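Contents: one structure, followed by commentary.
In the UniProt record's numbering, the protein residues as written are 1 to 160.
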């Protein structure tokens, strides 16, 4: 008689847990709702993102028109290969650790002038020279103003 109740109890627990999988605290949680081989295609229920940016190509906003100049991070420009439709933010304050691109350092340091990153979206894959002296008139691109900055720095060192 004991054996019969033990067998009934064992079969009951097997039937109850047969639809479940796993062990431990989540053993009563069903892993999937689909049978093997009948899973839906993963792309069926996901919206594929459009590669076009939300903004027009080229310079974004008006931050490239601000009259202020940032701290000189280097007297030489940086060559960069830009990918189409990717948003790039050029650092205009000069405090970024990932020069010439912005890493949000303008929010961490007290800068008396309100310098903000200049956003740029290329319309094709291109190679550009980003300004690192931050004195350029054609933000974010180099216009050769680093030559004046480097000569001023040399004069300042000679005067010391």
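Glycine included, each C-beta is placed from N, C-alpha and C at the ideal position.
Predicted model, so just to flag it, every value in this text is computed and none were measured.
Inset, instruction - Determine contact between the region 59-78 and the region 100-114, defined as no fewer than three beta-carbon pairs at a distance below 8 Å. - result: Contact holds: three or more Cβ-Cβ distances are below 8 Å.
Inset, instruction - Report the residue from 154, 131, 98 and 83 whose alpha carbon sits nearest the alpha carbon of residue 143. - result: Scanning 154, 131, 98 and 83 for the CA closest to the CA of residue 143 turns up 131.
Legend entry - Same chain, Cβ closer than 7 Å to residue 128, five either side skipped, listed in chain order: Result list for residue 128: 80, 82 and 141, in chain order.
Inset, instruction - Quick one: grab the DSSP three-state call for residue 59. - result: Reduced to three states, the DSSP call for residue 59 is strand.
Legend entry - residue 63 versus residue 159: straight-line alpha-carbon distance, rounded: Linking residue 63 to residue 159 through their CA atoms gives a straight-line distance of about 35 Å.
Legend entry - Alpha-carbon to alpha-carbon, residue 117 and residue 86: When only Cα atoms are considered, residue 86 and residue 117 end up about 15 Å apart.
Inset, instruction - Give the range of the beta strand (DSSP E) segment to which residue 72 is assigned. - result: Here residue 72 belongs to no beta strand (DSSP E), and DSSP marks it neither H nor E.
Legend entry - For residue 139, the first and last residue of its enclosing beta strand (DSSP E): Going by DSSP, residue 139 is part of no beta strand (DSSP E) at all; its letter is neither H nor E.
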